[in-house]
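Chains as they are written, first to last, in our numbering: chain A, 877 to 1121; chain B, 877 to 1121; chain C, 90 to 608; chain D, 90 to 608. The structure under discussion appears below in the form of structure tokens.
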Amino acid sequence: MIVRPYGDTLDDGAVQLSFTLPVPDGPRGREAARLFVEKLGFKHAEVVHSHALSEGFSFYVAYGKTEIGIDFDTVHVEEAVGEKVYGMYEACDVIKEKLGRKVVVVGACTGFDAHTVGIDAIMNMKGYNHHYGLERYHEIEAYNLGAQVPNEKLIEFAEKVKADAILISQIVTQKDVHIQNMTEFIELLQAKGLREKFIVCAGGTRIGNKLAVELGYDAGFGKGTYADHVATYIIDRLIERKTAR
Amino acid sequence: MIVRPYGDTLDDGAVQLSFTLPVPDGPRGREAARLFVEKLGFKHAEVVHSHALSEGFSFYVAYGKTEIGIDFDTVHVEEAVGEKVYGMYEACDVIKEKLGRKVVVVGACTGFDAHTVGIDAIMNMKGYNHHYGLERYHEIEAYNLGAQVPNEKLIEFAEKVKADAILISQIVTQKDVHIQNMTEFIELLQAKGLREKFIVCAGGTRIGNKLAVELGYDAGFGKGTYADHVATYIIDRLIERKTAR
Amino acid sequence: MENKLALSQERIDRARELAKRIVSPVQDFIVEHTTVTVERATLRLAGADGADVDGVPVPNLVVDQLKGKLENGAITYYVNALLKTGETVEGLNRKIAEGFRIGELPLGDKAAIDRKAKELVLAFAERVKRNRAHREAKLEQFKGRNCSPLLYVIVATGNIYEDVKQAQAAAGQGADVVAVIRTTAQSLLDYVPYGATTEGFGGTYATQENFRIMRAALDEVIEKEQRYVYLTNYASGLCMPEIAAMGALERLDMMLNDSMYGILFRDINMYRTFVDQKFSRMINAFAGVIINTGEDNYLTTSDAVEKAHTVLASQFLNERFALEAGLPPKQMGLGHAFEMNPTIENGFLLEVAQAQMAREIFPDAPLKYMPPTKFMTGDIFKGQVQDALFNFVSKFTNQGIHLLGMLTEAIHTPFMMDRSIALENAKYVFNNIQDLSGEIEFKKDGIIVKRAHQVLEEAVTFLETIERTGLMEAMEQGEFAEIKRPRDMGKGLDGLVKKGPEYYNPFEAYLINELGLKA
Amino acid sequence: MENKLALSQERIDRARELAKRIVSPVQDFIVEHTTVTVERATLRLAGADGADVDGVPVPNLVVDQLKGKLENGAITYYVNALLKTGETVEGLNRKIAEGFRIGELPLGDKAAIDRKAKELVLAFAERVKRNRAHREAKLEQFKGRNCSPLLYVIVATGNIYEDVKQAQAAAGQGADVVAVIRTTAQSLLDYVPYGATTEGFGGTYATQENFRIMRAALDEVIEKEQRYVYLTNYASGLCMPEIAAMGALERLDMMLNDSMYGILFRDINMYRTFVDQKFSRMINAFAGVIINTGEDNYLTTSDAVEKAHTVLASQFLNERFALEAGLPPKQMGLGHAFEMNPTIENGFLLEVAQAQMAREIFPDAPLKYMPPTKFMTGDIFKGQVQDALFNFVSKFTNQGIHLLGMLTEAIHTPFMMDRSIALENAKYVFNNIQDLSGEIEFKKDGIIVKRAHQVLEEAVTFLETIERTGLMEAMEQGEFAEIKRPRDMGKGLDGLVKKGPEYYNPFEAYLINELGLKA
Ligand code: B12
Ligand code: B12
Ligand SMILES: Cc1ncc(COP(=O)(O)O)c(C=O)c1O
Ligand SMILES: Cc1ncc(COP(=O)(O)O)c(C=O)c1O
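As structure tokens, then:
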């Protein structure tokens, strides 16, 4: 099924846009804005507002109608975790039963990133939005190293405590600094021959499973993640590995 | 010069979009939204928000970065009036001097359109935003026929008062009703062999010179028009015609 | 009712007294007249429905056949035809649609006609009472689930089936009231189209079938969301009483129904409008339908600061006309609007003053508060903020019916997403300032208090002028909305009929009696 | 100062007294210590500047050469080198950058060193006084042209030349204050980079050259717009005093400069931070720079309702630390923030309570009010409304410095258009409610009044606990922002130096004298 944006009628293709152009405000700027929107593939483009930001910059609000659509049947997303998510108690029961030992998890906000609220939400006792964090799981030993942890140090620590999984949080994404930092981490692991030793998960506001997997992680977790999701993922992978052996 | 949208760095091509898709909210919807934005020509597309509108519809906010640009040098707009706009007194002086007779203007909000505020802004004594309307011009005889005037009636009246110019206002544009109505007016004029007899101007929130000229009008006037603009246009055309003869 | 403005009760009473005196001569005129649409509405109440091959509705066919005889009341002939043909109502409607001319049948026994007519009156009354009871039961069942003020959105796709999707989505997102906007210029049609429709400009035709479709769709959502969802349509126009009749039959909950809107904003003849509004409001009163008046429209053409008093004066007049039609205050959605130029310093204070003033003067009316429209621009981000302040004032001054402002007001009729954005805006603001109104007092002699006093005073002065001039004369002179409307001009004048000595309308009589009006 | 909350002066005095007692032992520690960055700041005030081929700044080169000797004060050796080499300041800087080691020069005559040092002090004092006078003259010249509260925006492109474009555009659109956000983690660098920079993440390096470039750019706009535009940068971090020094020299007008932010949010050692904040604040005090404190940060990690009292308590502490450094209240931009969960019923009332409370307790401080950040989402339309309510509260409670909320807060550092949208939002709201504050009284014993009383009471209780525990111990135990910071951990501890008996710092002495502090 081809799906198109919907304004008030099926397939009208209506989209709202706003942007700045490095040209003065005025009729020519508005016409350039309209042509730009058309060039994006809009059959019908209307600039409904403009104002000057400075002598050389101007702001535009536009609405367009397009015939471009997406075949929804071909859209697939591979989330790290499926429908089935263990609650805290369930997770602990499964660990006891299927793995018979404590699971060790190490997490940190790496590189220069100091946004700990996200990783804390996953790891701290208190948790987030009424979902307890990993520290509260009886069957999980969780180490949260906090903010601005160098990749090298994190790996060292994970080796020391014989971690099953490493959790990395990256919130700042400007100039793709997260991609650099996440890539460096994986390369470091590989250089040390440790990649296969850990389940490696990344998370953060702008991180999805797709990106993380592309960068060589086992899984990625975005906005709205709870400890439950990560725990489920880690436990299921460990069980898989155990069975595979 | 090729210009691209500007977020915070020249040529970063940053654009904000929002739209609805006729699919349920969720990871697949978000991925479809992202793919849609990419398909519009964005190299980098990020869906930063989604929420459900109903079971089958969902809303997306996205930011994208594109390399698509517009060659600003080739963007030309032909406005009805140039830099030089007469003020009221100046306009009257020019009429007296160059035409030596009163100019007759008839205006109306045509078809089913009842939005008279726009045409009133142009014609009524009081005017708009401290710009007097045509009725206040000593050298102009202005007739404002008001709302929902059938095209036929307007033409009749214009003939009766020997109008120099006819002003048409169209505000409702849903389902292109203004285009139908404006086209009908011109066809009617032509059928009666009267097209050349009048200067015919159209105006309205969503009407520009370009559209009006395409539809066979002499000129079109959009948002932010004052009586001064229309008066200037009419006077200059009348002078041209007089000189041409 | 809280009193923050210390308005003078004496001045309020004075204004009410003036309104009464202004309306009185108009009422005298009204009772002596009927109109084509009053007659058609009566026929509809009796069951006349359907349309011929050209789409001309049965009530119109009947009335057209009765040229010259309308002064006796169309219902006489319709009931006569029922008796003469022995048809059911449906059967007769079908015959009429096929060309059967009832005006030519000889009139039978008056008493028999009266008996049959009273049966039809009872059937109508029962149906409407059932509707009313259903509404009241559902409101009771889902008490406390609606927002206060009620969140009111419009749908306006032109296609009733698209409208349904949009309406259900909006109701699911929290809308309490859904209004189906009519297509551009339907108010100028002297008939009500028939059947489900899918083609309209800037709105969808008001038809009885469309009413039914939307009512059913919203009833579904009501059960799902466990919240009553009010359905609204637009009566004012050339068919005001007929649409009111259809609304009563199909359990609409609100109806745009102003005593003067058609005159001023649609150039409908004033005699016609005054007669029509009375009958339509009697129907709404009986059906428990909340009327919404159109004072907001004044401010789309006039300045909201300069002309605030005309809004208040018009509210007093609409109130008076409503009382004369048997409407209790709790069914009076008197209109006003947030239409101040956003560049005015302290505009917010003036808005608060005016909204709070309306609240205190009409304590029992569920005031209808309209959002910024005139000063909305294509700058949708700015628009969001204008709407946020509007939401704030509305909640802060305890309005009753809150029309959601759309960030795209200056651009297009609402997209599905626009409505959702508007609902989020309002729900956030309402919840965030939930109890603010009870927390705040205004400084005596401050800008807000002074402004309210000033507007009330100006309204009294304005009403005094109107009283001296006469309402019809005042409208001829352009006292309202700066629009001049000569009394013998405007659309629909030819549909005005002076009642004859034999005029017969048992529906009207029934309503007069039920509503406790003097005949 | 208006008093709407009827807060108890006795409780306010009590809190101030507690703050004084809490800060007192910390002051004792401070006066006995210096740090590498205090020494480098002193060198900068004397004129040390430039960097070697590896980019190591001259002040760092000097201090590194003086390992073990810092307890005497680095300035002794720098001035000694000036005398010994006969170089100008610039000449000496160049030599040092090329490898010249001043630590190894034998110390000359103390009196000569002191004379030369005092010359440098005078030169510094004159330059800073000139800056201050210039600012005051311009503020006088363009009086009444700034918004109240001041509209504060950030630029954060990472590239100083892009920043200039954005800053000039914003100032042209009405921004009163432009802050150049620092690159991620600059606060953890124990040196200040040199020269103009074009590469930063989420911000631009704070360098003296960047300060100069931006100051010149804004000075241009000032003349064009006939409105003063304040320039702001960020001091707190490992180089707090040095950045304050650079700011004083380059006529910055505001400086983020908190007494505890670095400890809590950057894991900088607490001894280090306490010593650094004192010297940096003395510089800011002398230069007429308004400091901004960072209480808003508490609410990014803790709950704004539960932990409101920690914000107030921290304001009392920051105030006390500031007074100890000679800062008058009018230079204290004490921080707080609109960080309440938007789903809280009556959240607006609680925000008003807290903001108004801060206003009444610190009547002379130009309070710095931070916008919603934590609860902003990718829903930019909702974000606009959150920012609108924030703008409303800020104006309504007469805040001093208003950080503009960005609708894209949860997405990216501001685009040029985001800033413009934010300015439009704030300007509209401010103008629309211009005099609202003076119009409104709060109900006695209402939600707002009670909330303010409660927060004040909780703050007093909290300060009492801190006083009992001791400030450093309390920070070790995680009393602030739920973050535990052991006193002998954290970055920069190795840069702490106990002053020797011979410690010499004529700049410090001059400031102490000028600011009327006790030595
Ligand atoms: C709080 C905050 C701060 C606080 C951080 C305090 C702290 N201890 O964390 C302070 C004030 C210190 C701060 C500083 C800065 N910040 Co900041 N900050 C924010 C803010 C307001 C909220 C972030 C937050 O706490 N979100 C709530 C948490 C719960 O959500 P989350 O992080 O997404 O986490 C969830 C998921 O992503 C996931 N998750 C996250 N990590 C992981 C890891 C794993 C393994 C898993 C499984 C899941 C997972 O689970 C979590 C729960 O669901 C955002 C704006 C916003 N509203 O998002 C800006 C924001 C993130 N900050 C930003 C910036 C630029 C900065 C600075 C660099 C500014 C500067 N130059 O000074 C500094 C420097 C910080 C640094 N060195 O990293 C930008 C980032 C822009 C970008 N896209 O690159 C933002 C978006 C603001 C903006 N628009 O400019 N910031
Ligand atoms: C006021 C108003 C009304 C009033 C009109 C009162 C009146 N006497 O005019 C009332 C309440 C009656 C009304 C009704 C309706 N309205 Co209305 N209305 C508006 C509103 C709020 C403002 C329009 C306005 O007055 N603008 C101010 C004037 C000064 O601007 P302007 O018209 O653009 O005129 C300027 C220029 O365009 C130009 N100009 C205009 N005409 C001409 C002509 C010439 C020759 C020249 C030279 C220049 C010129 O000069 C003027 C001065 O600069 C707009 C929303 C908005 N904010 O724009 C909706 C809007 C125009 N209405 C709309 C609709 C749909 C309707 C209805 C159809 C709704 C309904 N189904 O009931 C009805 C029916 C009206 C009908 N039959 O035409 C839609 C149109 C959607 C679309 N794009 O098609 C809008 C955009 C609202 C919306 N978002 O839904 N409306
Ligand atoms: C009282 C009233 N009736 C009816 C309408 C709509 O009627 P029309 O269909 O004439 O646009 C309005 C619209 O603003 C109104 O205020
Ligand atoms: C007081 C204070 N100083 C400094 C900063 C920024 O410092 P950094 O560069 O460490 O992010 C902030 C930011 O919130 C702050 O509140």
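The beta carbon of each residue, even a glycine, is placed where N, CA and C say it ideally should be.
Counterpart residues of residue i in DSSP-defined beta bridges
i, result
"Pro-146(C)", "Ala-140(C)"
"Gly-197(D)", "According to DSSP, which records beta bridges pairwise, Gly-197(D) is partnered with nothing at all."
"Tyr-319(C)", "Val-266(C)"
"Gln-892(A)", "Tyr-939(A), Ser-894(B)"
"Tyr-1004(A)", "His-1007(A)"
"Glu-1017(B)", "Val-980(B)"
Rounded C-alpha distance that separates residue i from residue j
i, j, result
"Pro-590(C)", "Arg-219(C)", "34 Å"
"Glu-312(D)", "Ala-258(D)", "14 Å"
"Asp-365(D)", "Val-993(A)", "27 Å"
"Asp-524(C)", "Ile-111(D)", "39 Å"
"Ile-379(C)", "Lys-232(C)", "18 Å"
"Asp-198(D)", "Gly-162(D)", "16 Å"
"Gly-581(C)", "Gly-326(C)", "10 Å"
"Gly-188(C)", "Asp-153(C)", "12 Å"
"Lys-1086(A)", "Asp-507(C)", "31 Å"
"Leu-1114(B)", "Met-429(C)", "40 Å"
"Val-125(D)", "Arg-361(D)", "9 Å"
"Gly-609(C)", "Leu-211(C)", "Residue 609(C) cannot be examined here, being either before or after the span of chain C that is shown, 90 to 608."
"Ile-433(C)", "Gln-445(C)", "19 Å"
"Gly-494(D)", "Arg-304(D)", "24 Å"
"Asn-407(C)", "Glu-568(C)", "16 Å"
- request: Residues of the segment 248-282 of chain D with a CB closer than 8 Å to any CB of chain A: list them in chain order, please.
  value: The residues in question are Lys-254, Gln-257, Ala-258, Gly-261, Gln-262, Thr-273, Ala-274, Leu-277.
- request: Inspect the CB distances between the segment 1102-1118 of chain A and the segment 955-971 of chain A and report whether three or more fall short of 8 Å.
  value: Contact between the segment 1102-1118 of chain A and the segment 955-971 of chain A is present, with at least three C-beta pairs closer than 8 Å.
task: Output the residue ranges of the beta strand (DSSP E) runs that lie fully inside the segment 450-529 of chain D and measure 3 residues or longer, sorted by chain position.
output: Along the length of the segment 450-529 of chain D, whole beta strand (DSSP E) runs at least 3 residues long occupy 457-459, 490-492, reported in chain order.
field: Contact list for the segment 487-521 of chain C against chain B, Cβ threshold 9 Å
entry: Cβ proximity to chain B below 9 Å picks out Ala-499, Ile-500, His-501, Thr-502, Phe-504, Met-505, Met-506, Arg-508, Ser-509, Ile-510, Glu-513 from the segment 487-521 of chain C.
message: Residues of the segment 901-915 of chain B in Cβ contact with chain A at a cutoff of 7 Å, in chain order, please.
response: Answer in chain order: Pro-903, Arg-904, Glu-907, Ala-908, Leu-911, Phe-912, Lys-915.
- prompt: Can you list the beta strand (DSSP E) stretches of 3 or more residues lying completely in the segment 266-291 of chain C, in chain order?
  reply: Residue ranges of uninterrupted beta strand (DSSP E) with 3 or more members, entirely inside the segment 266-291 of chain C and ordered along the chain, are 266-269.
task: Flag this pair as touching only if the segment 930-943 of chain A and the segment 972-979 of chain A have three or more C-beta atom pairs under 8 Å; answer yes or no.
output: Contact between the segment 930-943 of chain A and the segment 972-979 of chain A is absent, with fewer than three C-beta pairs closer than 8 Å.
query: Using a Cβ cut-off of 7 Å, which residues of the segment 1085-1116 of chain A contact any Cβ in chain B, in chain order?
result: Within the segment 1085-1116 of chain A, no residue places its CB atom closer than 7 Å to a CB of chain B.
message: Taking 8 Å as the cut-off, does the segment 947-961 of chain B touch the segment 1000-1014 of chain B (at least 3 CB pairs, one atom from each stretch)?
response: Output reads no: the segment 947-961 of chain B does not touch the segment 1000-1014 of chain B.
Chain A contacts made by the segment 280-307 of chain D, where a contact means CB separation under 8 Å: Listed by position, the residues of the segment 280-307 of chain D near chain A (Cβ gap below 8 Å) are Phe-290, Gly-291.
query: Quick one: complete beta strand (DSSP E) runs, 3+ long, within the segment 98-174 of chain D?
result: Scanning the segment 98-174 of chain D for uninterrupted beta strand (DSSP E) segments of 3 residues or longer gives 122-124, listed from N- to C-terminal end.
Meets three-Cβ-pair contact criterion under 8 Å: the segment 537-552 of chain D and the segment 315-333 of chain D: Result no; under three Cβ-Cβ pairs closer than 8 Å.
- request: Residues of the segment 452-477 of chain C with a CB closer than 7 Å to any CB of chain A: list them in chain order, please.
  value: Of all residues in the segment 452-477 of chain C, Thr-466, Gly-467, Asp-468, Ile-469 have a Cβ within less than 7 Å of some Cβ in chain A.
- request: Scan the segment 529-564 of chain C and note each continuous alpha helix (DSSP H) run of 4 residues or more that stays entirely inside, going in chain order.
  value: List check, alpha helix (DSSP H) in window: 536-558.
field: Interfacial residues, the segment 344-364 of chain C to chain B, with Cβ spacing under 9 Å
entry: Per Cβ criterion, the list reads Phe-354, Arg-355, Asp-356.
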